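In terms of the working numbering, the sequence shown opens at residue 486 and continues consecutively.
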Amino acid sequence: LDSAVGYLMERMDAVIVGAEGVMETGGIINKIGTLSIAICAKMMNKPVYVMAESIKFVKEYPLNQSDIPEEFKYRTSVREGQKDLSSEHPEVDYTPPSFITLLFTDLGILTPAAVGEELIKLYT
């Protein structure tokens, strides 16, 4: 139903997603399609809330999809018998902090900008 996001978004009050990783930027790595949902929500002025434990906070600073840390990336498969043809099957995408309203964590409710400060506290 990923393609129904635009159709359904106007009836939503808010979007709530999880995160496989919360980056130092306050952006998140999550299942593929999260970025598309967040873009749609922003265009329709709907808040996007993230639920994540602080154990998922990582000292990474991705700027776009190609900067996703290796531990989160998918594998590219090569089609059998066609070595010059590969298929990509992304499992996750990066949602920048500009699309996230608040993060609800075991450390409290954070703005995306506050994630970096919390990382400093966690690792010092």
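Built from N, CA and C at the ideal position, the CB exists for glycine as well.
Quick caveat, the model's predicted, so the values are computed rather than measured.
Going by the CB atoms, is the gap between residue j and residue i shorter than 8 Å?
i    : j    : result
G506 : M536 : no
L592 : E602 : no
C525 : V490 : yes
T580 : E538 : no
Apart from the five residues just before and just after residue i, which ones in its own chain have a Cβ nearer than 8 Å to its Cβ?
i    : result
E495 : M529
Y608 : K544
D498 : K531
Name the DSSP beta bridge partners of residue i, please?
i    : result
Y534 : I501 and L587
N515 : D578
G506 : I514
Kindly list the residues whose CB is nearer than 7 Å to the CB of residue i, restricted to its own chain and excluding five residues on each side of it in sequence; keep chain order.
i    : result
T586 : P532, V533 and Y534
F542 : V507, V600, E603, L604 and L607
Which residues in the same chain as residue i place their Cβ atom closer than 6 Å to its Cβ, once the five residues preceding and following it in sequence are excluded?
i    : result
I501 : Y534
P582 : T510, G511, G512 and P597
Does DSSP put residue i in a helix, a strand or coil?
i    : result
V543 : coil
L592 : coil
M528 : helix
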